[in-house]
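Q:
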Amino acid sequence: MACGLFCALTIVSPAAAECRLGRVAQLAVTMEGRLATVPITVNGKQTRFALDSGAFLNVMSQARAKELGLPLQAAPSEFTVVGVGGAAVPQKTTIKSFGIAGVDIKNVGFLVVGNSLDTGYIGLNLLASFDTEYDLANGNVNLFAPKECENTNLAYWARDKAVSVIDWLPGDYSNDKHLYVQVRINGKTMRAMLDTGASISTLNRTAAEKAGLDLSDSSAQPDEAITGIGSKARRSWNVRLASFGIGGEEIRNATIRVMDAGFDPLSDMVLGADFFLAHHVLASYTQRLIYLTYNGGPVFSLDNPASAGGARPAEDIDTLAGEPDDADAYARRGAARLTRGDSVGAIGDLTQAIRKKPDTANYHYMRATAHLARHDAAAAAVDFDSAVKLAPTESRFLIARSFNRLSQNDKTGALADAEAASALIPAGSLENLKLVALFDQLQKPERSLKMLDEVIRLHAEDPLLGELLNARCWTRGAANVELDMAMADCAKAIRRDGARPSYLDSRALIYLRQKNYPAAIADYDAALAQQPGLASSLYMRGWARQAIGQNEAGAEDMANARKQTPDIADKFARYGFNTKS
Numbered sequence: 001m002a003c004g005l006f007c008a009l010t011i012v013s014p015a016a017a018e019c020r021l022g023r024v025a026q027l028a029v030t031m032e033g034r035l036a037t038v039p040i041t042v043n044g045k046q047t048r049f050a051l052d053s054g055a056f057l058n059v060m061s062q063a064r065a066k067e068l069g070l071p072l073q074a075a076p077s078e079f080t081v082v083g084v085g086g087a088a089v090p091q092k093t094t095i096k097s098f099g100i101a102g103v104d105i106k107n108v109g110f111l112v113v114g115n116s117l118d119t120g121y122i123g124l125n126l127l128a129s130f131d132t133e134y135d136l137a138n139g140n141v142n143l144f145a146p147k148e149c150e151n152t153n154l155a156y157w158a159r160d161k162a163v164s165v166i167d168w169l170p171g172d173y174s175n176d177k178h179l180y181v182q183v184r185i186n187g188k189t190m191r192a193m194l195d196t197g198a199s200i201s202t203l204n205r206t207a208a209e210k211a212g213l214d215l216s217d218s219s220a221q222p223d224e225a226i227t228g229i230g231s232k233a234r235r236s237w238n239v240r241l242a243s244f245g246i247g248g249e250e251i252r253n254a255t256i257r258v259m260d261a262g263f264d265p266l267s268d269m270v271l272g273a274d275f276f277l278a279h280h281v282l283a284s285y286t287q288r289l290i291y292l293t294y295n296g297g298p299v300f301s302l303d304n305p306a307s308a309g310g311a312r313p314a315e316d317i318d319t320l321a322g323e324p325d326d327a328d329a330y331a332r333r334g335a336a337r338l339t340r341g342d343s344v345g346a347i348g349d350l351t352q353a354i355r356k357k358p359d360t361a362n363y364h365y366m367r368a369t370a371h372l373a374r375h376d377a378a379a380a381a382v383d384f385d386s387a388v389k390l391a392p393t394e395s396r397f398l399i400a401r402s403f404n405r406l407s408q409n410d411k412t413g414a415l416a417d418a419e420a421a422s423a424l425i426p427a428g429s430l431e432n433l434k435l436v437a438l439f440d441q442l443q444k445p446e447r448s449l450k451m452l453d454e455v456i457r458l459h460a461e462d463p464l465l466g467e468l469l470n471a472r473c474w475t476r477g478a479a480n481v482e483l484d485m486a487m488a489d490c491a492k493a494i495r496r497d498g499a500r501p502s503y504l505d506s507r508a509l510i511y512l513r514q515k516n517y518p519a520a521i522a523d524y525d526a527a528l529a530q531q532p533g534l535a536s537s538l539y540m541r542g543w544a545r546q547a548i549g550q551n552e553a554g555a556e557d558m559a560n561a562r563k564q565t566p567d568i569a570d571k572f573a574r575y576g577f578n579t580k581s
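Following the numbering used here, the residues of the sequence shown are numbered contiguously, the last one being 581.
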């Protein structure tokens, strides 16, 4: 729409002579990975929060509250927040001046929960105040206050597209504003929640089994654990659905993630940001209906578009509601295209944005990311340089440029960027984990360990604790220091989360340092039994086998690891494990 912040759109239909969609606000959405973020101000500080249609109330992490200088108070005793990792008792904070879409709102409350969240999330207490249009593929979320629209089809954007008009299913209490709809999984009727705050769509295990899916079958591929609010991490698998249906839409042979348990007892499935990027959605609170059109492209399998169930590739998607009319609109659409795997389209949109506003650092950063998606490190380097020159104190630009410089073997420049970024990121922030990886590659383990100590101290009750302990175990092993403490970290991580392949791989490294080769081989065997393609375990099992004289078997392991990761020998040579064959 070309009108300003406050406008009205008129829809004429036989059932209603003049329906007026009064737009209250337009939120400019930029996809940061799979987070739909919007610019806000918190007591005058500019930042970004994510839009979360799955959160009843606004929520943020303790670390985010600390970064923004927000005081914490005890939340009412009856408040409990439930998420993927279970239940958590929140605190609360109040933002005295909360700016969004050009409007300053006073005394906006947020629940504060642990440190497992990566940002602040704007929930349904704002989004559900109006009819809400989610057009993430074009970088817009519109809030409407309709008049005389009770019997009107509100999918004004659809033109000749097929529109699904779906009943909005009730929650378990009268004021429940979550978006529940009916879906069909392998022919079975189920209930789903539309949740922009979920980065991926998931089916809970009980529903998957109801749909006839056997997670013990070899076709169900284990994936990384899923975390969120609460202290637990949930196992997950990728499975192929025979069919998925919603409204008049049917998708066949698509791959989706199954989670070991669901956190919402009212839904069998969560339709996350991947689903929203593939659809244009309007949730009409006034009509209790959901309007839906399909944009094209993969619906669930953004990491693997070949598993999208016959959907059109991202490059062929027709999501245009007319060409954008300003630089930021081009950039937002470019970010959405990049998230959906269309790096060519993203570069085109971001180039248009840069032509219109060449001094916007974030446009250069996003285009650099799109160049990297096409494995063009040289083109990315030019844009990263521009981004850092325009915003020299933006830590994420420095970190991204540092990784890119490493890929081009510029270790001096990469170290300078890493050190500059480390001075900008608060101690204990999860953002430091990117620096841990950087300093590991730069052979500066002492820098990594100090950061990990602070992160673990602040996140001791979070679902990520096991992964953080594993990272410190691995870092100590790579540096060959504090091996008893490293073993304690790995043991605690395994007790907490189970014998994950990555945890076994780290413990095996400590056994290698201690010259306990049989124990190291046993852990590598166990890791590879769960994840046969884990190149580091394969390579280092070969090294351990050669250390006890099993030269032929060891050489075979190393050769197979190199087929998967050609530079793996160089990686472990940095840690003193020089190639033996």
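For every residue, glycine included, the Cβ atom is placed at its ideal position computed from N, Cα and C.
Please list the terminal residues of the continuous alpha helix (DSSP H) segment that includes Phe572.
A: Within the sequence shown, the letter at position 572 stands for residue 572. From DSSP, the alpha helix (DSSP H) with Phe572 extends over 568 to 573.
Q: For Thr93, which residues from the same chain have a beta carbon less than 6 Å from its beta carbon, with the 5 sequence-adjacent residues on both sides left out?
A: Within the sequence shown, residue 93 is the residue found at index 93, counting from 1. Result list for Thr93: Ala65, Leu70, Leu72, Phe110, Val112, in chain order.
Q: Output the boundary residues of the beta strand (DSSP E) element that contains Asp484.
A: Taking the first residue of the sequence shown as 1, we reach residue 484 at position 484. It is not in any beta strand (DSSP E) - Asp484 instead sits in the alpha helix (DSSP H) that spans 483 to 497.
Q: Return the Cβ separation of Ala63 and Gly413 in integer angstroms, given the expectation that the two are a contact with Cβ distance under 8 Å.
A: The count along the sequence shown starts at 1 and reaches residue 63 at position 63. The count along the sequence shown starts at 1 and reaches residue 413 at position 413. Not quite, the Cβ-Cβ distance comes to about 29 Å (not below 8 Å), so this is no contact.
Q: For Phe384, collect the residues of the same chain with a Cβ closer than 8 Å to its Cβ; drop the 5 residues on either side in sequence, then sort them by chain order.
A: Position 384 of the sequence shown holds residue 384. Contacts found: His364, Tyr365, Ala368, Phe397, Ala400, Arg401, Asn404.
Q: Quick check: Asn186 and Ala242, are their CB atoms within less than 8 Å of each other?
A: For the purposes of this step, residue 186 is taken as residue 186 along the sequence shown, with counting starting at 1. For the purposes of this step, residue 242 is taken as residue 242 along the sequence shown, with counting starting at 1. Yes, Cβ-Cβ distance for Asn186 and Ala242 is below 8 Å.
Q: Can you name the residues that DSSP bridges to Val165?
A: Locating residue 165 in the sequence shown gives position 165, where the first residue counts as 1. Tyr291.
Q: Counting beta carbon pairs with one atom in the stretch 118 to 135 and one in the stretch 250 to 266, are three or more of them shorter than 8 Å?
A: No, they do not touch.
Q: Classify Ser343 as helix, strand or coil using the three-state DSSP reduction.
A: As a working note, residue 343 is residue 343 in the sequence shown. The answer is helix: DSSP assigns Ser343 an H, G or I state.
Q: Alpha carbon to alpha carbon, how far is Phe577 from Val455? Give it in angstroms, no decimals.
A: The residue labelled residue 455 in the question sits at position 455 within the sequence shown. The residue labelled residue 577 in the question sits at position 577 within the sequence shown. Each residue's Cα considered, the two are about 29 Å apart.
Q: Look up Asn138 in the DSSP assignment and say whether it is helix, strand or coil.
A: As a first step, residue 138 must be located in the sequence shown, where it is residue number 138. Note: Asn138 maps to helix in three-state DSSP.
Q: If we ignore side chains and look at the alpha-carbon of each, how far apart do Gly44 and Val103 end up?
A: As a position in the sequence shown, residue 44 is number 44, starting the count at 1. As a position in the sequence shown, residue 103 is number 103, starting the count at 1. About 12 Å.
Q: Please state whether DSSP places Ser219 in a helix, a strand or coil.
A: Here the question's residue 219 lines up with position 219 in the sequence shown. Looking at Ser219 - three-state DSSP - the assignment turns out to be coil, as it is neither helix nor strand.
Q: In whole angstroms, what separates the C-alpha of Arg472 from that of Ile95?
A: As a working note, residue 472 is residue 472 in the sequence shown. As a working note, residue 95 is residue 95 in the sequence shown. When rounded, the distance between both Cα atoms is 35 Å.
Q: To the nearest angstrom, report how far apart Ser536 and Ala544 are at their CA atoms.
A: Residue 536 sits at position 536 when you count from the first residue of the sequence shown. Residue 544 sits at position 544 when you count from the first residue of the sequence shown. So the two alpha carbons sit approximately 12 Å from each other.
Q: What's the call for Asp167, buried or exposed, on a 16-neighbour Cβ count within 10 Å?
A: Indexing the sequence shown from 1 puts residue 167 at position 167. Exposed, since its Cβ has fewer than 16 Cβ neighbours within 10 Å.
Q: Say whether the stretch 205 to 212 touches the stretch 457 to 472, bearing in mind that this needs 3 or more beta-carbon pairs closer than 8 Å, one atom from each stretch.
A: No, the stretch 205 to 212 is not in contact with the stretch 457 to 472.
Q: Using 10 angstroms around the beta-carbon of Arg500, count the other beta-carbons present and answer buried if the total reaches 16, otherwise exposed.
A: One-based indexing of the sequence shown puts residue 500 at position 500. Answer is buried; the Cβ neighbour count reaches 16.
Q: Under 8 Å, with one C-beta from each stretch per pair, do the stretch 351 to 358 and the stretch 372 to 379 reach the 3-pair mark?
A: Result no; under three Cβ-Cβ pairs closer than 8 Å.
Q: Taking only the alpha-carbon atoms, compute the straight-line gap between Leu127 and Ala198 and give it to the nearest angstrom.
A: Along the sequence shown, one-based indexing puts residue 127 at 127. Along the sequence shown, one-based indexing puts residue 198 at 198. Rounded to whole angstroms, Leu127 to Ala198 spans 16 Å at the Cα level.
Q: For the stretch 390 to 475, list the alpha helix (DSSP H) runs that are entirely contained and at least 4 residues long, ordered along the chain.
A: Those alpha helix (DSSP H) runs which fall completely within the stretch 390 to 475 and span 4+ residues are 395 to 407, 411 to 422, 432 to 441, 445 to 458.
Q: Going by beta-carbon coordinates alone, are Leu282 and Cys149 separated by less than 8 Å?
A: Numbered from 1 along the sequence shown, position 282 holds the residue referred to as residue 282. Numbered from 1 along the sequence shown, position 149 holds the residue referred to as residue 149. For Leu282 and Cys149, no; Cβs fall outside 8 Å.
Q: Quick one: give me the first and last residue of the beta strand (DSSP E) that Glu250 is part of.
A: Position 250 of the sequence shown, counted from the start, is the residue given in the question as residue 250. Unbroken beta strand (DSSP E) run through Glu250: 249 to 259.
Q: Excluding the five sequence neighbours on either side, which residues of its own chain have a C-beta within less than 8 Å of the C-beta of Arg312, listed in chain order?
A: Numbered from 1 along the sequence shown, position 312 holds the residue referred to as residue 312. Note that Arg312 scores 41 on pLDDT, short of 50, meaning its location in the model is unreliable and no value can be drawn from it.
Q: Using a Cβ-Cβ cut-off of 8 Å (strictly less than) and excluding sequence neighbours within five positions of Leu215, which residues of its own chain qualify?
A: By one-based count along the sequence shown, residue 215 stands at place 215. So the list reads Arg205, Ala208, Glu209, Trp237, Val239, Val258, once near-sequence residues are dropped.
Q: Is Thr293 closer than 8 Å to Ala155 when the C-beta atoms are compared?
A: Position 155 of the sequence shown holds residue 155. Position 293 of the sequence shown holds residue 293. Yes, the pair counts as a contact, with Cβ atoms nearer than the cut-off.
Q: Under the DSSP definition of a beta bridge, which residues are partnered with Lys66?
A: For this step, residue 66 is matched to residue 66 along the sequence shown. Looking at the DSSP assignment, Lys66 forms no beta bridge with any residue, so it has no partner.
Q: Output the distance between the C-alpha atoms of Ser231 and Asp497, rounded to the nearest integer angstrom.
A: Residue mapping note: residue 231 aligns to position 231 of the sequence shown, counting from 1. Residue mapping note: residue 497 aligns to position 497 of the sequence shown, counting from 1. Low per-residue confidence applies at Ser231: pLDDT is 49, beneath 50, and the placement is therefore not dependable, though the value from the model is reported in the following sentence. The alpha-carbon atoms of Ser231 and Asp497 are separated by roughly 11 Å.
Q: Determine which residues share a DSSP beta bridge with Glu32 and list them.
A: Here residue 32 refers to the residue found at position 32 when the sequence shown is read from its first residue. Glu32 pairs with Leu35.
Q: Assuming Arg191 contacts Ser267 (C-beta within less than 8 Å), just tell me the rounded distance between them.
A: Here residue 191 refers to the residue found at position 191 when the sequence shown is read from its first residue. Here residue 267 refers to the residue found at position 267 when the sequence shown is read from its first residue. Between Ser267 and Arg191 the Cβ distance is about 5 Å, and since that is below 8 Å, they are a contact.
Q: Which residue or residues does DSSP assign as beta-bridge partners of Leu179?
A: Reading the sequence shown from its first residue, position 179 is the one you call residue 179. Bridge partners of Leu179: Leu194.
Q: Just the C-alpha distance for Ala306 and Thr196, rounded to the nearest angstrom, thanks.
A: The count along the sequence shown starts at 1 and reaches residue 306 at position 306. The count along the sequence shown starts at 1 and reaches residue 196 at position 196. Since pLDDT at Ala306 reaches only 43, below the 50 mark, its modelled position is unreliable, and the value read off the structure follows with that caveat. So the alpha carbons of these two residues sit roughly 23 Å apart.
Q: Return helix, strand or coil for Thr152, following the three-state DSSP convention.
A: For the purposes of this step, residue 152 is taken as the residue at position 152 of the sequence shown. The answer is coil: DSSP assigns Thr152 none of H, G, I, E or B.
Q: Taking only the alpha-carbon atoms, compute the straight-line gap between Ala559 and Asp417 and give it to the nearest angstrom.
A: Residue 559 sits at position 559 when you count from the first residue of the sequence shown. Residue 417 sits at position 417 when you count from the first residue of the sequence shown. If I take the Cα positions, the gap works out to 35 Å.
Q: Could you pull out every unbroken beta strand (DSSP E) segment of at least 3 residues lying fully inside the stretch 529 to 553, listed in chain order?
A: Segments of the beta strand (DSSP E) lying fully in the stretch 529 to 553: there are none.
Q: Select from His280, Lys515, Gly139, Ala522 the residue whose C-alpha is nearest the C-alpha of Asp326.
A: As a working mapping, residue 326 is identified with position 326 in the sequence shown. For Asp326, the nearest C-alpha among the options comes from Gly139.
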